[in-house]
Amino acid sequence: MNIEITQQLGDDAWDAFCLQQGGNVFQSPHFARICRDTRDCRVYPFFALADGKPVASVLFTEIRQYSALPGAVSTRLVCYGGALWEQGSSGEEAVAALLTTVLRAPGLPAHLFLEVRNFQDTGPIRTHLESLGLQYVPYLNYLLNLTLPETALWEHLSKEKRRKIRRAERNGLSLRESRDAADLDWFYRLLARRYREKGVPLVDRSHFQTHFQAYSQQGLMRLFLVEHKQQPIAGVIVLVYGGKAYEWYAASDPAFHRLRPNEWRVWKVVQILRSEGVTLYDFCGAGYPDQPYGVRQFKKTFGGREVEWGRYLYLPRPGLYRVLMQLYRWRQKMAEKGL
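Every letter in the sequence shown is one number past the one before it in our numbering, and letter 201, counting from 1, is 202.
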């Protein structure tokens with residue numbers, strides 16, 4: 002099979018390939034537009050073509066955290082949706098050739114690390130990827146099957162989760178979907194505050210704002226707010242693509258955690274999406290299995306299927322990466338202490 006590697010493919014052909022292969026929203030041209038129009042971000046799509054038709058693709062996003070510093074320190078390249086390829090040996094051959102080319106591409110910026118976040122099993126190509134210097138790192142996720150009856154989804158919840166949802170109902174919470182820019186601004190400010198408290202960097206607000214109106218009208222980007230006495234106390238942005246929903250960003254005001262908005266929010270959003278024909282709710286990550294992560298238990302008790310599809314990490318400068326990660330973890334601890 003003659004494989005051509007290119008960075009040029011029309012959005013319609015790209016979208017059609019992504020949907021045909023059951024790809025996720027983070028592999029689509031829609032997400033590429035979001036990242037392309039985000040401050041301090043650039044996108045690098047790569048496609049493998051056979052007879053002029055796409056058989057594999059990857060989309061890398063360059064994220065620069067501190068623009069005054071050299072790229073080797075401040076820049077990371079992330080493939081948020083993982084690689085996508087046509088099923089079968091020809092597709093596996095194509096994606097292997099594609100990633101080989103990407104790692105050697107002269108046009109890629111200097112970066113601290115390159116990461117591929119998998120949304121599917123990469124077993125058929127793992128050996129080849131590791132031979133390129135990509136290190137496999139176990140990483141968990143949870144998937145809710147929304148084709149099940151609602152009664153079955155309810156029974157799959159832990160008893161404690163059901164109890165908290167009932168308590169939230171008694172607390173008089175309400176859920177509102179919004180396309181209002183002012184609500185998006187409120188949600189971003191809440192996100193920024195929560196990320197700052199945890200010492201975790203957050204992308205620029207343009208990541209959400211630029212395409213919010215268009216994509217919310219199309220049903221691709223959906224903002225849900227939890228309110229108590231008409232006051233927003235929590236929210237989530239869900240991306241919907243190809244009949245699947247992806248929990249992109251979520252946050253809540255700690256002052257109202259006693260009202261249980263987080264458990265209730267997930268359940269109500271799942272009910273809405275299921276009623277609209279969405280077949281899968283993807284929690285978009287539950288952390289590294291060997292590291293404590295409170296959010297993992299929160300997601301696990303919704304009764305979804307646990308998958309360990311992992312991530313791939315490529316380190317051009319391993320020593321520098323280790324030093325900077327130690328500094329990053331120290332900064333996180335200081336932020337959590339309020340210092």
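Heads up, the beta-carbon is just placed ideally off N, CA and C, and yes, glycines get one too. Since this is a predicted model, take the numbers as computed values, not measurements.
Problem set entry | Where the alpha helix (DSSP H) containing residue 12 begins and where it ends | Locating residue 12 in the sequence shown gives position 11, counting from the first residue. Residue 12 -> alpha helix (DSSP H) spans 12 to 21.
Exercise. CA-CA distance, residue 294 and residue 51?
Worked result: Mapped onto the sequence shown, residue 294 falls at position 293. Mapped onto the sequence shown, residue 51 falls at position 50. Residue 294 and residue 51: Cα-Cα distance of roughly 43 Å.
Problem set entry | Under 9 Å between C-beta atoms of residue 277 and residue 142 | Reading the sequence shown from its first residue, position 276 is the one you call residue 277. Reading the sequence shown from its first residue, position 141 is the one you call residue 142. By the CB criterion at 9 Å, residue 277 and residue 142 fall outside the cutoff.
Exercise. With burial defined as no fewer than 16 other Cβ atoms inside 10 Å of the residue's Cβ, what is the status of residue 90: buried or exposed?
Worked result: The count along the sequence shown starts at 1 and reaches residue 90 at position 89. Flag for residue 90 reads exposed.
Exercise. What residues are listed by DSSP as bridge partners for residue 63?
Worked result: Mapped onto the sequence shown, residue 63 falls at position 62. The partner list for residue 63 (beta bridge, DSSP) reads 43 and 78.
Exercise. Hey, quick one: how far does the beta strand (DSSP E) through residue 245 stretch, first residue to last?
Worked result: Your numbering for residue 245 matches position 244 in the sequence shown. Judged by DSSP secondary structure, residue 245 falls within the beta strand (DSSP E) whose first and last residues are 245 to 253.
Exercise. Going by beta carbon distance, what residues of the same chain come within less than 6 Å of residue 290, once the five residues before and after it are set aside?
Worked result: Counting from one through the sequence shown, the residue named residue 290 turns up at place 289. Cβ neighbours of residue 290 beyond the five flanking positions: 139 and 141.
Problem set entry | Residues that DSSP places opposite residue 191 in a beta bridge | For the purposes of this step, residue 191 is taken as the residue at position 190 of the sequence shown. Looking at the DSSP assignment, residue 191 forms no beta bridge with any residue, so it has no partner.
Exercise. Per DSSP, what kind of secondary structure is residue 175 in: helix, strand or coil?
Worked result: Translated into the one-based positions of the sequence shown, residue 175 becomes position 174. Correct three-state label for residue 175: strand.
For this session: Keeping to the same chain, check which residues put their C-beta closer than 7 Å to that of residue 173; ignore five residues upstream and five downstream.
Result: Within the sequence shown, residue 173 is the residue found at index 172, counting from 1. Hits under 7 Å: 229.
For this session: Alpha carbon to alpha carbon, how far is residue 164 from residue 184? Give it in angstroms, no decimals.
Result: By 1-based counting over the sequence shown, the position of residue 184 is 183. By 1-based counting over the sequence shown, the position of residue 164 is 163. Their backbone Cα atoms lie some 29 Å apart in a straight line.
Problem set entry | At least three beta-carbon pairs within less than 8 Å, the stretch 14 to 34 to the stretch 43 to 57 | At 8 Å Cβ cutoff, the stretches touch.
Problem set entry | Rounded separation between residue 314 and residue 19 - CA only | For the purposes of this step, residue 314 is identified with residue 313 of the sequence shown, where counting begins at 1. For the purposes of this step, residue 19 is identified with residue 18 of the sequence shown, where counting begins at 1. Cα-Cα distance, rounded: 23 Å.
For this session: Note down the Cα distance separating residue 252 from residue 190, rounded to an integer number of angstroms.
Result: For the purposes of this step, residue 252 is identified with residue 251 of the sequence shown, where counting begins at 1. For the purposes of this step, residue 190 is identified with residue 189 of the sequence shown, where counting begins at 1. Distance between the alpha carbons of residue 252 and residue 190 is about 10 Å.
Exercise. For the candidate residues 33, 267, 46 and 239, whose alpha-carbon lies nearest to that of residue 6?
Worked result: As a first step, residue 6 must be located in the sequence shown, where it is residue number 5. Per the Cα distances, 46.
Exercise. Can you tell me whether DSSP reads residue 58 as helix, strand or coil?
Worked result: Reading the sequence shown from its first residue, position 57 is the one you call residue 58. The three-state reading of DSSP puts residue 58 in strand, counting E and B together.
Exercise. Are the Cβ atoms of residue 32 and residue 60 separated by less than 9 Å?
Worked result: As a working mapping, residue 32 is identified with position 31 in the sequence shown. As a working mapping, residue 60 is identified with position 59 in the sequence shown. Closer than 9 Å, so yes.
Problem set entry | Residues near residue 69 by beta carbon distance below 7 Å, same chain, minus five either side | Counted from its first residue, the sequence shown places residue 69 at position 68. In this prediction, residue 69 has a pLDDT of 45, which is less than 50 and means its spatial position is unreliable; nothing more can be read from the coordinates.
For this session: Return the bridge partner residues of residue 86 from the DSSP annotation.
Result: Taking the sequence shown and counting its residues from 1, one reaches residue 86 at position 85. Answer by DSSP bridge pairing, in chain order: 57.
Problem set entry | Nearest candidate by alpha-carbon position, reference residue 133, set 332, 328 and 316 | Residue numbering aside, residue 133 sits at position 132 when the sequence shown is read from its first letter. Of the listed residues, the one whose Cα sits closest to residue 133 is 316.
Exercise. Rounded to a whole number of angstroms, what is the C-alpha to C-alpha distance between residue 126 and residue 208?
Worked result: Position 125 of the sequence shown holds residue 126. Position 207 of the sequence shown holds residue 208. The alpha-carbon atoms of residue 126 and residue 208 are separated by roughly 32 Å.
For this session: List in chain order: all unbroken beta strand (DSSP E) runs of 3+ residues lying wholly within the stretch 218 to 296.
Result: 222 to 229, 232 to 242, 245 to 253 and 281 to 283
Exercise. With distances taken between CB atoms, is the gap from residue 226 to residue 187 smaller than 9 Å?
Worked result: What you label residue 226 is simply residue 225 of the sequence shown in a count that begins at 1. What you label residue 187 is simply residue 186 of the sequence shown in a count that begins at 1. A contact, by the Cβ cut-off of 9 Å.
Exercise. Three or more C-beta pairs closer than 8 Å, one from the stretch 292 to 307 and one from the stretch 153 to 171: is that the case here?
Worked result: yes
Exercise. Going straight from the alpha carbon of residue 221 to that of residue 210, what length do you get?
Worked result: Position 220 of the sequence shown holds residue 221. Position 209 of the sequence shown holds residue 210. If you take the alpha carbons of residue 221 and residue 210, they lie about 14 Å apart.
Problem set entry | Other residues of its chain near residue 166: CB distance less than 8 Å, five sequence neighbours each side excluded | Translated into positions along the sequence shown, residue 166 becomes position 165. Contacts found: 158, 261, 264, 265 and 268.
Problem set entry | Alpha-carbon spacing of residue 85 relative to residue 119, whole angstroms | The residue you call residue 85 lines up with position 84 of the sequence shown. The residue you call residue 119 lines up with position 118 of the sequence shown. Distance between the alpha carbons of residue 85 and residue 119: 9 Å.
For this session: Locate the beta strand (DSSP E) running through residue 136, then write down its first and last residues.
Result: Indexing the sequence shown from 1 puts residue 136 at position 135. Start and end: 136 to 138.
Exercise. So which of 279, 41 and 25 has the shortest CA-CA distance to residue 151?
Worked result: Position 150 of the sequence shown, counted from the start, is the residue given in the question as residue 151. Of 279, 41 and 25, the residue nearest in Cα terms is 279.
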